[in-house]
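In this note's numbering, the protein residues as written are 155 to 486.
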């Protein structure tokens, strides 16, 4: 699919961008892989490892639409991974979060249409479902923008879809490397915001593979949600530290006890496939009627039950402590 194609990744120096770039250059022969981000030092550091002839590095911010249009010239596929993602930082800096996560999303959409790219996938988060924090609210707004973009682009324009998944194991700024650093620094009790907290859990490799699959599946307007396991925070503590010693520090501003990826209110718009769910658009597109029950790969889905909710606390699949230990060794 990506052979002799040009792919642009916004926020490309992040954990996802690096893993996605590695996947593309290992499994395909892309014409160009364009890393679009605003930090020249991170780009310089990334170039030391990702230096194949197809790699390109563009300095730019998603807040700058004209730069995005220039960067997307002759691009076939776009992954929009750029975002301000830290929940407490968003609570204390709401204007900056809105500028990047909402206005930046709109800029990516308008640039993709202007540059006539083929397909765009935006990365979302479980925090966008029934959001209680500003980060989640901005990502929900972003999701809505990318779904509605299929109307704006018209019948022959780019197709847009969203991939929504949970916490990425070992990604930059996530809890696993944070816990390891604390233990290395001599902390004996790991900080826990609440003993009953649960989270969806996905590896970076699985997240990248899911995005690749959905470029193949997408018809435009879908929110793709993978079926992934959950974890209990105290199980994570034990798997990393070897003990259940912890200190309750309280839920941070804007933080949830559990996460939801398919809210009950969207059950009547949701389909279940073998390894994922699809939330279909609540709006009708003017140019075509799409049968979302059968995707571009020929996979068939069925409507979920009334009042269905995909919730990290009631997920039937929880990782055991031994599974968490194994996963930790793989991602270190």
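Even glycine gets a Cβ: it sits at the ideal position worked out from N, Cα and C. As the structure is a computational prediction, the values presented were derived from the model and not from experiment.
Mark residue i as exposed unless 16 or more other C-beta atoms lie within 10 angstroms of its C-beta, in which case mark it buried.
| i | result |
| --- | --- |
| residue 393 | buried |
| residue 460 | exposed |
| residue 311 | buried |
| residue 406 | exposed |
| residue 198 | exposed |
| residue 521 | The question about residue 521 has no answer here: the residues shown for the chain are numbered 155 through 486. |
| residue 172 | buried |
| residue 338 | exposed |
| residue 422 | exposed |
| residue 466 | buried |
| residue 403 | exposed |
| residue 309 | exposed |
| residue 384 | buried |
| residue 410 | buried |
| residue 469 | buried |
Can you tell which of the options has the C-alpha that lies nearest to the C-alpha of residue i?
| i | options | result |
| --- | --- | --- |
| residue 454 | 429, 471, 474 and 464 | 429 |
| residue 283 | 442, 427, 417 and 483 | 417 |
| residue 163 | 175, 371 and 433 | 175 |
| residue 212 | 194, 389 and 335 | 194 |
| residue 379 | 432, 241 and 191 | 432 |
| residue 165 | 200, 159, 155 and 185 | 200 |
| residue 482 | 323, 160 and 452 | 323 |
| residue 414 | 343, 316, 401 and 281 | 281 |
| residue 371 | 445, 182, 234 and 457 | 445 |
| residue 397 | 388, 359 and 236 | 388 |
| residue 224 | 266, 236, 207 and 208 | 266 |
| residue 390 | 287, 449, 350 and 299 | 350 |
| residue 477 | 245, 348, 437 and 357 | 357 |
| residue 307 | 359, 442, 360 and 468 | 442 |
| residue 449 | 373, 330 and 419 | 373 |
| residue 360 | 196, 320 and 229 | 320 |
Would you grab the beta carbon distance between residue i and residue j for me? Rounded to a whole angstrom, and I think it's under 8 Å.
| i | j | result |
| --- | --- | --- |
| residue 386 | residue 332 | That pair is no contact at about 17 Å. |
| residue 291 | residue 285 | 4 Å |
| residue 399 | residue 345 | Actually they are not in contact, since the Cβ atoms of residue 399 and residue 345 sit about 11 Å apart, beyond 8 Å. |
| residue 278 | residue 313 | Incorrect: roughly 16 Å between the Cβ atoms, too far for contact. |
| residue 158 | residue 180 | Not a contact, Cβ separation roughly 16 Å. |
| residue 274 | residue 232 | 4 Å |
| residue 377 | residue 354 | With a Cβ gap of about 15 Å, residue 377 and residue 354 do not count as contacting. |
| residue 161 | residue 188 | 7 Å |
| residue 316 | residue 297 | 5 Å |
| residue 408 | residue 248 | Incorrect: roughly 10 Å between the Cβ atoms, too far for contact. |
| residue 210 | residue 269 | 15 Å between Cβ atoms; not a contact. |
| residue 287 | residue 245 | 6 Å |
| residue 474 | residue 412 | About 19 Å; that fails the 8 Å criterion. |
Give me, in chain order, the residues of the same chain whose beta-carbon lies closer than 7 Å to that of residue i; leave out the 5 immediate sequence neighbours on both sides.
| i | result |
| --- | --- |
| residue 252 | 292 |
| residue 507 | This structure gives no information on residue 507, because the portion of the chain shown stretches from 155 to 486. |
| residue 216 | 164, 222, 236, 254, 258, 261 and 262 |
| residue 487 | The question about residue 487 has no answer, for the chain in this structure spans 155 to 486. |
| residue 451 | 370 and 371 |
| residue 208 | 179, 184, 185, 186 and 187 |
| residue 340 | none |
| residue 464 | 379, 414, 415, 416 and 431 |
| residue 436 | 423 |
| residue 347 | 403, 404, 405, 406 and 409 |
Leaving out five residues on either side along the sequence, give the residues of the same chain with a beta carbon under 6 Å from the beta carbon of residue i.
| i | result |
| --- | --- |
| residue 177 | 362 |
| residue 427 | 453 and 455 |
| residue 192 | 215 |
For residue i, which residues of its own chain have a beta-carbon under 8 Å away from its beta-carbon, when the five flanking residues on both sides are left out?
| i | result |
| --- | --- |
| residue 395 | 333, 337 and 344 |
| residue 424 | 416, 431, 432, 433, 434, 457, 458 and 462 |
| residue 299 | 256, 259, 260 and 263 |
Can you confirm whether residue i, when its beta carbon is compared against all beta carbons of chain D, has any partner nearer than 8 Å?
| i | result |
| --- | --- |
| residue 358 | No chain D is part of this structure, which consists of one protein chain only. |
Indicate, with yes or no, if the ligand PLP has a heavy atom lying under 7 Å from the CB of residue i.
| i | result |
| --- | --- |
| residue 167 | Looking at this structure, you won't find the ligand PLP or any other ligand, since it has none at all. |
**OP:** Give, in chain order, every unbroken run of the beta strand (DSSP E) that is at least 3 residues long and sits entirely within the stretch 281–341.
**Re:** Restricting attention to beta strand (DSSP E) runs no shorter than 3 residues, the stretch 281–341 encloses them at 313–319, ordered along the chain.
Subject >> Runs of alpha helix (DSSP H) wholly within the stretch 212–264 (minimum 4 residues, chain order) >> reply: Listed in chain order, they are 219–225, 241–246 and 248–252.
Original post:
Which runs of the beta strand (DSSP E) spanning at least 3 residues fall entirely within the stretch 358–430, listed in chain order?
Top reply: Complete beta strand (DSSP E) runs here, min 3: 377–380, 384–386, 400–402, 414–416 and 424–426.
**OP:** May I have a chain-ordered list of the alpha helix (DSSP H) segments no shorter than 4 residues that lie completely inside the stretch 159–197?
**Re:** Taken in chain order, the whole alpha helix (DSSP H) runs of length 4 or more contained in the stretch 159–197 are 169–181.
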